[in-house]
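Line order of the protein sequences matches chains A and B. If you're matching positions, the first sequence starts at 1 in UniProt numbering and goes up one per residue. If you're matching positions, the second sequence starts at 1 in UniProt numbering and goes up one per residue. First up is the structure itself, then whatever we jot down about it.
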Amino acid sequence: MEQHAILQVENLQKHFPIKSGLLAPGGKRTVKAVDGVSFSLERGKTLGLVGESGCGKSTTGRMIARLMDPTAGRIMVDGVDISQLRGKDLYHFRRKVQMIFQDPFASLNPRQSIGTAIAAPMVAQKITPPGGLKNRVKELLEQVGLKAEHYNRFPHEFSGGQRQRVGIARAISLNPSVIVCDEPVSALDVSVQAQVVNLLQEIQQDTGVSYIFIAHDLSVVRHISDEVAVMYLGKMVEQGSRDELFAGPRHPYTRALLSAVPLPDPRQARAQEKIRLRGDLPSPANPPSGCVFRTRCPLFGTLGEEQRQLCIDVVPAPAVAGSPACHHTALAGPLAAGVQ
Amino acid sequence: MTQLQSPAEPGTAGAATAGARTTEARSLLATAWLRIRRSKIALLSLCVVVAIMLFAILAPVLSALSGNDPFTSNTSPEVLDDFETPGLPLPGYMYPSSSHWLGVEPGLGRDLFARLAFGGQVSLTIALLSTAVSVVLGTVLGAAAGYFGGKTDAIISRLMDLFLAFPHLLLVLSLTPILQSRLRDTPLGQGSFLPMASLVIILGFFGWAYLARIVRGQVLSLREREFVEAARSFGSSHLSILFRQIIPNVMGVVLVYATMLIPTNISAEAALSFLGVGVKDPTPSWGQMLNAAQAGNWYLSDPWFLAVPGVMLIVTVLAFNLLGDAVRDALDPKASRH
C-alpha cells in the first residue's frame with residue numbers, strides 16, 4: 001500500500017496564534033484548527049473528508065495545496081515531503097496539487113474571460129502545450145462539458161454549475177496528481193451537483209487523478225469516495241473505507257452524523273435511529289480536555305464515573321483505518337439500542 | 001446587453017443569481033455607458049467636456065481660422081488706448097469682433113481667443129497628466145499596501161498619512177519654485193515645458209494618497225477572494241496576481257476617483273498660476289490669464305478680460321464634476337440595475 005500512496009499526511013497541525021491586545025490580554029494562546037491529522041490516499045482514489053463547519057477540513061485541504069503553511073507534520077506527495085517547500089521548489093510542486101473551490105462565484109475573476117482563467121495555470125507554470133495554449137484551453141472546455149466558443153465569455157454569463165466546470169477545467173489543466181476539492185458542489189443546486197460529481201468521476205477514470213473531497217453532505221461523499229475520514233474540532237475521529245464506515249460507523253460522532261442524513265423513504269426515515277447532538281461546537285480556542293467530543297457525546301452520558309474520567313483525562317489515540325479515536329468503541333452497540 | 005445566454009446545462013437556476021452576487025465584468029463599462037446615456041445631466045456634462053477637450057486640442061486650427069496666434073502682441077494706438085487708461089483695448093477691440101473672436105488682451109493686445117484655446121491646452125494637459133501620475137501611483141502603491149500587508153503596508157500607509165496630513169497649498173506653493181529651479185537644467189525644464197512639468201509632478205505627487213487609501217481598502221477584501229487563492233495555488237507570481245487578478249477589479253473605483261480628480265487639478269493649476277508659482281507669461285493657461293487680469297488691476301477697467309478665462313474655468317470644472325458624479329453613480333454596483 002505504501003508505494004501506491006500518492007499522498008500521505010502525517011500528524012498534520014495548523015495552529016493559529018490568538019493575538020492578545022491591551023484590552024484582551026490572552027498570553028500566547030493558539031487555536032488548534034488542525035491538530036494531528038494523518039491519512040493516506042492512493043493513486044486514482046478519492047478520500048472524502050467530512051465534518052461540520054469549523055472542524056478543520058478546509059484548513060487541511062488548504063495545507064495540502066500549500067495555500068497555508070502547516071505548523072507541524074508532513075505532507076508526502078509522491079514520496080516527497082512538500083510541507084516545508086519554499087521558492088522554486090514550491091513553484092514546481094504546484095503542478096502536482098490543484099484545488100477546486102467551493103464558491104463558483106468567487107473562484108473566478110469577474111474581469112477575466114473564461115479562456116484566460118483556464119489558461120492562467122499553464123501561463124503561470126510557463127507550459128506551452130503541443131498545439132498551442134488556446135487549443136488546449138478549448139480541449140479542456142470540451143472535456144468539462146462546455147463549448148470551445150465559450151472561450152471569450154466572462155464568468156457572469158455562466159450559471160453556477162457551468163462556472164464550477166470552468167474551475168474544474170482550470171484545476172485539471174496542469175494534469176495534477178491530486179486535486180483538493182473544497183466543498184465543490186455545496187453551493188450548487190441538487191440537480192447540478194450530480195452532474196458535477198459525475199464529471200469529477202469521469203475525469204478520474206480518464207486521468208487517474210486522486211481527489212481529496214471535502215464536504216459536509218454525506219450522500220455526496222458516499223457517492224464519490226473510496227475512503228472516508230471524519231474530523232471533529234481539528235482531530236480525525238474515524239476513518240476507513242466508505243463501505244465499512246457507512247455500514248458500521250463506530251465513533252459516536254460518526255454515528256450521529258450518519259443518522260442525520262435524510263432518507264428519501266419516509267417509512268425508512270421514521271425507523272432510522274436519530275442521534276441528536278446537544279449543544280454547540282466548543283470553541284477551538286478552548287477545546288475540552290481529553291476527548292474533544294465528550295461535551296456533546298451521546299455515549300458520555302451513559303458512562304460510569306470511572307469511564308467518564310478516562311474521557312476527561314486522556315486524549316484518545318488519533319483515528320487510523322478501522323480504529324476510531326474513542327475510548328469506548330466497544331460500547332457502540334449499547335448506544336444504538338439506548339437511543340432508539 | 002441583457003442577452004444572458006446560458007448554453008448547455010439544462011435545469012440550472014444558477015444563471016439568474018449569477019449577476020446579482022458578483023460585480024459585473026466586461027459589461028461594467030457598457031452598463032455605465034447605458035446609465036450615463038439615460039441621465040440628461042450626465043449626457044450634457046459629457047458633451048461639454050468633449051467640446052472643451054476638442055476646443056483645446058484644436059487650438060492651433062481654431063486660432064489659425066481666426067487669423068491670430070496667442071503670442072503676437074499689438075500695442076498700436078489703433079488697438080490699445082494710449083491716453084486715459086494706457087493699455088486698455090479700445091471699444092472695437094475689447095469685446096468679440098470678427099477679427100478678434102473674443103477681443104484682445106489689455107496691456108499687450110494679444111488675441112484673447114487664441115490665448116484661451118492654447119491656455120486650455122496647457123491647463124487640461126497639466127490636469128490630465130497630473131491625474132494620471134496620481135492614479136498610477138495611488139493604484140500601484142495602494143494595491144501593494146493592501147496585497148502585501150505587513151511592513152510594506154505599514155510603510156506605505158504612513159506615507160499616505162504624511163501626504164494627507166500636510167497642508168497641500170502651502171507645501172505646493174513652497175515646493176514648486178524649488179522644483180522649477182531643479183528642473184531648469186534637465187530636458188523637462190526647457191522653455192514652456194518647465195512650469196508644466198513642475199506642476200504635473202507636484203500635483204501628481206500630492207494627489208495619490210487618498211486614492212491609495214481607497215484602493216488599499218478594496219484590495220484588503222479582494223485578496224481574500226478565492227480567485228486570488230486559485231492564482232496562488234497554481235503558482236502565479238505576486239506581480240502577476242497584483243496586475244492580472246487584483247488591479248482589474250479596482251479599476252471601477254479608480255475610474256471614479258480619476259474623473260473627480262481632474263477638476264480638482266484644473267482648479268489647482270489655476271490657483272497656482274493665479275498665485276504666480278505656476279504657468280507664467282508668455283505661456284498661456286487659464287490660471288495665468290486670471291493672474292494677468294488681476295496683476296495689472298485690469299479687472300476693474302476691463303472685466304471682460306477676467307470673465308473669459310473665469311467662465312471657461314467654471315464651466316470646465318462644473319462639467320467635469322458633474323461627469324464625475326455621473327460616472328460614480330453609473331459604476332455604483334449597489335444602484336439598481338435596469
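For glycine and all other residues, C-beta sits at the position ideal for the given N, C-alpha and C.
Query, Result
"Using the three-state DSSP reduction, which class does GLU10 of chain A fall into: helix, strand or coil?", "strand"
"Between which two residues does the beta strand (DSSP E) holding PHE213 of chain A run?", "210–215"
"In terms of residues, what are the limits of the beta strand (DSSP E) holding ARG74 of chain A?", "72–77"
"What residue does the alpha helix (DSSP H) around GLY61 of chain A start on, and which one ends it?", "57–64"
"Would you call the stretch 202–212 of chain B in contact with the stretch 184–194 of chain B, where contact means no fewer than 3 C-beta pairs closer than 8 Å?", "no"
"Should PHE243 of chain B be flagged as near chain A, meaning a C-beta pair shorter than 8 Å?", "no"
"Classify ASN198 of chain A: buried if its beta carbon has 16 or more other beta carbons within 10 angstroms, exposed otherwise.", "exposed"
"If PHE234 of chain B sits next to LEU141 of chain A, beta carbons under 8 Å apart, how far is it from one beta carbon to the other, in whole angstroms?", "With 8 Å as the limit, PHE234 of chain B and LEU141 of chain A do not qualify as a contact, their Cβ atoms being about 17 Å apart."
"In whole angstroms, give me the CA-to-CA distance for SER39 of chain B and ALA330 of chain B.", "10 Å"
"Please state whether DSSP places HIS92 of chain A in a helix, a strand or coil.", "helix"
"Write down the C-beta distance between ILE75 of chain A and VAL180 of chain A rounded to the nearest angstrom, noting that I regard them as a contact closer than 8 Å.", "That belief does not hold up - the Cβ atoms of ILE75 of chain A and VAL180 of chain A are roughly 11 Å apart, past 8 Å."
"Please check if any C-beta of chain A sits within less than 8 Å of the C-beta of GLY235 of chain B.", "yes"
"Rank A:ALA317, A:VAL178, A:VAL315 by C-alpha distance to the C-alpha of GLU42 of chain A and give the top, closest one.", "A:VAL178"
"Answer yes or no: do LEU12 of chain A and GLY73 of chain A have a C-beta to C-beta separation smaller than 8 Å?", "yes"
"How should HIS238 of chain B be labelled, buried or exposed, when 16 other C-beta atoms within 10 angstroms of its C-beta is the threshold for buried?", "exposed"
"Look at the alpha carbon of GLU227 of chain A and the alpha carbon of THR46 of chain A, and state the distance between them as a whole number of angstroms.", "6 Å"
"Is it buried or exposed for ARG278 of chain A, if we count other Cβ within 10 angstroms and need 16 for buried?", "exposed"
"Taking its Cβ as the centre, do 16 or more other Cβ atoms sit within 10 Å of ARG35 of chain B, making it buried, or is it exposed?", "buried"
"From GLY115 of chain A to LYS134 of chain A, what distance separates their C-alpha atoms?", "8 Å"
"Answer with yes or no whether the minimum CB distance from PHE101 of chain A to chain B is below 8 Å.", "yes"
"Mind checking the stretch 218–229 of chain B against chain A and listing, in chain order, the residues whose C-beta falls within less than 7 Å of any C-beta there?", "ARG225, GLU226, PHE227, GLU229"
"With a CB to CB cut of under 7 Å and the five nearest residues on each side skipped, what residues in its chain are close to ILE155 of chain B?", "none"
"Mind pulling the chain A residues with CB within less than 7 Å of ALA231 of chain B?", "ALA120"
"What does GLN125 of chain A reach in chain B if we use C-beta pairs closer than 7 Å?", "PHE234, GLY235"
"Which bits of chain A does ASN249 of chain B rub up against, with CB to CB less than 8 Å?", "ASN109, PRO110, ARG111"
"By DSSP, does LEU113 of chain B sit in helix, in strand, or in coil?", "First, the residue type needs correcting, since residue 113 of chain B is Phe and not Leu in the sequence shown. Note: PHE113 of chain B maps to helix in three-state DSSP."
"For a cutoff of 8 Å on Cβ pairs, would you count ALA148 of chain A as touching chain B?", "no"
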